[in-house]
Amino acid sequence: MESFEFIFILHMTKEILSTTDLLCKALQRKSQDIVNAMRSVETTTKLLNQMRNEDWDSLLAKVTKFCQQHEINVPDLTAPHYESRRRRDGITNEHFYHFDVFNAAIDVEIEEIRARFDDKVLELLKLSSSFDPQDGYKAFNIGAICDLVEKYYPLDFSEKDLDDLKYELKHFQAYAPTHPELRNLSLVAELCHGFAKTGKSKEFNLVDRLIRLILILPVSTATLNVHFQL
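All residue numbers for the sequence shown refer to the working numbering, where the first residue is 382 and numbers rise by one.
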């Protein structure tokens, strides 16, 4: 356990898991705050790329200092890596840890996020963000909502439903920001409770159906946290 490679991987893993932790928590949150989950996907990917491009030197310095403080041998980073000596390809220890371990590990995390959150999932997350009740429903966009519903929910909304939905959304846009039970909400999930409490789920039955479909999305995306928690 007291080897440079073990210490390096330990520190690297801590940095990666710390960066992805916020996204994991957003996916696990019982409140199903989809809007924050979407933002966490974007920021986590950005931070992982930033780590890959900018944080190698600081990580190496941290690992080296730790090893020196605990009298753990630090290999000559300019020397050929032992696998390189066998293959005779001239790869140094620093190149191995930088590109074959550090960069490769981050690339796996980034690709995992991209695989879990493909364009369809991100568009559906964007759809959910249109119902974000914060700041007086300022993200509400009827055109974008209808386009995405037509694209992704053709089996749940008929052509007539889509036409009716546009008008329901207009009434909802005028009604929700002023109603005492709906104007001070924080999460998309709270809209369902608000509709039930006010009896508006029948009046806005298509909007209510759409929100319930949106809230199913975190169930499919929550598997991402399993990978990060390993």
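Ideal Cβ positions, reconstructed from N, Cα and C, are used throughout, including at glycine.
| Check | Outcome |
| --- | --- |
| Span of the alpha helix (DSSP H), counted from its first residue to its last, around F553 | 540 to 556 |
| Residue closest to K427, alpha-carbon to alpha-carbon, out of H574, C448, I397 | I397 |
| Rounded separation between G575 and L505 - CA only | 22 Å |
| Pairwise C-alpha distance: A557 and S412 | Reliability of the predicted coordinates at S412 is poor, the pLDDT of 48 falling under 50, and the value obtained from them is presented with this limitation in mind. Each residue's Cα considered, the two are about 20 Å apart. |
| Reduced DSSP category for T394 - H, G, I as helix; E, B as strand; rest coil | helix |
| Proximity to W437 [Cα-Cα], best of T401, D457, G471, H476 | H476 |
| Member of H392, A460, S509 whose CA lies at the smallest distance from the CA of V444 | H392 |
| Integer Cβ distance of S509 from I595, believed to fall under 8 Å | 4 Å |
| Selection from D544, V530, Y533, F387 that minimises the alpha carbon distance to V455 | F387 |
| Beta-carbon proximity of I526 to L503, cut-off 9 Å | no |
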